[in-house]
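Undergrad:
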Amino acid sequence: MNATKEVIKIVAIYLFVFFFIILFVLFPRDASIEVSGQAMVVEYSYDFNLEEYKNNVVSFFKEVYENKSLGGTKFRTRSVEDELQKFLPRSLKVIAIGFFISVIFGILKGIFDYRSKNTKKSILGNGTTWFFSGLPDFFIVICLVYFLLLFIPEINIMGTESWYKFIAPSILISIAPLFYVARVTSVSLQTQDREPHIQVAYSKGFTPGKVLINHMLKPCLITVSSHLQSLMVFLLSNLLVVEYLIGYEGAAYRLFSAIGYSNKIPFFPIREQGLIIGICISFLFLVMIAHIFSQLIKAKLDPK
1 MNATKEVIKI VAIYLFVFFF IILFVLFPRD ASIEVSGQAM VVEYSYDFNL EEYKNNVVSF
61 FKEVYENKSL GGTKFRTRSV EDELQKFLPR SLKVIAIGFF ISVIFGILKG IFDYRSKNTK
121 KSILGNGTTW FFSGLPDFFI VICLVYFLLL FIPEINIMGT ESWYKFIAPS ILISIAPLFY
181 VARVTSVSLQ TQDREPHIQV AYSKGFTPGK VLINHMLKPC LITVSSHLQS LMVFLLSNLL
241 VVEYLIGYEG AAYRLFSAIG YSNKIPFFPI REQGLIIGIC ISFLFLVMIA HIFSQLIKAK
301 LDPK
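Start counting the sequence shown at 1; every next residue gets the next number (the UniProt record's numbering).
(1) Between which two residues does the alpha helix (DSSP H) carrying E66 extend?
(2) Per the DSSP calculation, Y72 is bridged to which residue(s)?
(3) With contact counted as at least three CB pairs below 8 Å, one residue from each stretch, are the segment 91-106 and the segment 232-246 in contact?
(4) In the DSSP assignment, find the alpha helix (DSSP H) that holds K300 and state where it starts and stops.
(5) Quick check on E161: does DSSP put it in helix, strand or coil?
(6) To test your reading of the DSSP string, which unbroken alpha helix (DSSP H) runs of 4 or more residues are found completely within the segment 78-151?
(7) How many angstroms separate the CA atom of R29 from the CA atom of E52?
(8) If you draw a straight line from the alpha carbon of K298 to that of F75, how long is it in whole angstroms?
(9) Just to confirm, is the Cβ distance from V184 to H227 under 8 Å?
(10) Could you check which residue in T4, I246, V287, V181 has the C-alpha nearest to that of F112?
(11) Determine the closest residue to F87 out of Y248, S225, G209, with distance taken between C-alpha atoms.
(12) Output the distance between the C-alpha atoms of V80 and M158, rounded to the nearest integer angstrom.
(13) Just curious, the alpha helix (DSSP H) that M232 is in, first and last residue?
(14) Where are the alpha helix (DSSP H) runs, 4 residues long or more, that stay fully inside the segment 174-215, in chain order?
(15) Tell me which residue opens and which closes the alpha helix (DSSP H) that E6 is part of.
(16) What is the rounded straight-line gap between the Cα of S294 and the Cα of L275?
(17) CA-CA distance, E161 and G250?
(18) Using a threshold of 8 Å, state whether the C-beta atoms of L221 and L301 are closer than that.
(19) Pull up the CB-CB distance for I21 and I281, whole angstroms please, since I reckon it's below 8 Å.
(20) Under three-state DSSP, which class holds R254?
(21) Looking at the unbroken alpha helix (DSSP H) that takes in P153, where does it start and where does it end?
(22) Taking three-plus beta-carbon pairs below 8 Å as touching, is the segment 124-140 in contact with the segment 203-211?
(23) From what residue to what residue does the alpha helix (DSSP H) around P28 run?
Following this line, the structure appears as structure tokens:
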């Protein structure tokens, strides 16, 4: 019952966030362009227009209600739903594999860190975990991408033309989150190490492996599960960097295109607000699922 209430509360919060994302994206951003003087100096200015903002919001929800669509795109023959159907599955494949790698190998790495503490192997355990955890995630990704491009050009990780191109971005987005999970796991195990019931188990002659599996692993999994929401955000932030750097045409790559990032101010900007909303809500929906999954695991393993 408590888990059900928690899930309902999570869904309500995220629906509220979805609505504010829509309001944020539909905020009017068109600049006023004026030419003045004999030198024909172009001047840009911006004035917020409440009526324009209201029209944007009303038009969007009218399109959703009447046509059951988020609108069109810069391609006349393709709707937002067509673009999502094309690009989103590519990113979902990468996210799913990256999530699996981060959780499974992160927990295993954390256990190794815990087991190798105070030994010569600790430099490969806690040493590597703390080192990579201290580096910005985007820095790790950028360094690895350029390392592969410069020193191992035989491994072509660019583009999406081959079926196996999803493997490289899946691994790249999972590296920093993997060390994050490893750190959480290791700290959780080291904290439990000082608990009285663990000391009693050791005093009874149980091996460290048996104590770990029978007494320490379950609380550790509860701790790790509470970080699944943060882990998903971690993966999505890396996805934005990776897809843009290696030209993997997934949803994050298409998001950059929809935003129309440029160091120039276009005279006739093409707005794909519906597509931006669709991709952002899709990504946030994944965070919500991770949050719900986290609560369900906690309720299952720790029902009190």
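C-beta: ideal position from N, C-alpha, C; glycine also.
TA: Inspection of the coordinates gives the following:
(1) Residue mapping note: residue 66 aligns to position 66 of the sequence shown, counting from 1. 50-67 is the extent of the alpha helix (DSSP H) around E66.
(2) To locate residue 72, count along the sequence shown from 1; it is residue 72. For the record, residue 72 in the displayed sequence is Gly; it is not Tyr. Partner(s): S79.
(3) yes
(4) Here residue 300 refers to the residue found at position 300 of the sequence shown. That run of the alpha helix (DSSP H) goes 273-301.
(5) Within the sequence shown, the letter at position 161 stands for residue 161. Coil at E161, not helix or strand.
(6) 80-115, 126-133, 137-151
(7) Counting from one through the sequence shown, the residue named residue 29 turns up at place 29. Counting from one through the sequence shown, the residue named residue 52 turns up at place 52. Distance between the alpha carbons of R29 and E52 is about 10 Å.
(8) The count along the sequence shown starts at 1 and reaches residue 298 at position 298. The count along the sequence shown starts at 1 and reaches residue 75 at position 75. Going by the C-alpha atoms only, they are around 45 Å apart.
(9) Position 184 of the sequence shown holds residue 184. Position 227 of the sequence shown holds residue 227. For V184 and H227, yes; Cβs fall inside 8 Å.
(10) Residue 112 sits at position 112 when you count from the first residue of the sequence shown. The shortest Cα separation from F112 among T4, I246, V287, V181 belongs to V181.
(11) Taking the first residue of the sequence shown as position 1, residue 87 is located at position 87. For F87, the nearest C-alpha among the options comes from Y248.
(12) In the sequence shown, counting from the first residue as 1, residue 80 sits at position 80. In the sequence shown, counting from the first residue as 1, residue 158 sits at position 158. Going from the Cα of V80 to the Cα of M158 covers about 25 Å.
(13) If you number the sequence shown from 1, residue 232 lands on position 232. Here the alpha helix (DSSP H) through M232 covers 228-246.
(14) 196-203, 208-211
(15) For the purposes of this step, residue 6 is taken as the residue at position 6 of the sequence shown. Per DSSP, E6 belongs to the alpha helix (DSSP H) from 2-25.
(16) For the purposes of this step, residue 294 is identified with residue 294 of the sequence shown, where counting begins at 1. For the purposes of this step, residue 275 is identified with residue 275 of the sequence shown, where counting begins at 1. Near 29 Å, if we compare the C-alpha coordinates of L275 and S294.
(17) Start at 1 with the first residue of the sequence shown, and residue 161 comes out as number 161. Start at 1 with the first residue of the sequence shown, and residue 250 comes out as number 250. Rounded to the nearest angstrom, the two C-alpha atoms are 12 Å apart.
(18) Sequence index remark: in the sequence shown, residue 221 carries index 221 (1-based). Sequence index remark: in the sequence shown, residue 301 carries index 301 (1-based). Yes, the Cβ-Cβ distance between L221 and L301 is below 8 Å.
(19) For the purposes of this step, residue 21 is taken as residue 21 along the sequence shown, with counting starting at 1. For the purposes of this step, residue 281 is taken as residue 281 along the sequence shown, with counting starting at 1. With 8 Å as the limit, I21 and I281 qualify as a contact, their Cβ atoms being about 6 Å apart.
(20) Walking along the sequence shown from the start, residue 254 turns up at place 254. R254: helix per DSSP, three-state reduction.
(21) Here residue 153 refers to the residue found at position 153 of the sequence shown. Counting along the chain, P153 falls outside any alpha helix (DSSP H), and DSSP gives it neither H nor E.
(22) no
(23) Translated into the one-based positions of the sequence shown, residue 28 becomes position 28. Element bounds for P28: n/a, residue is neither H nor E.
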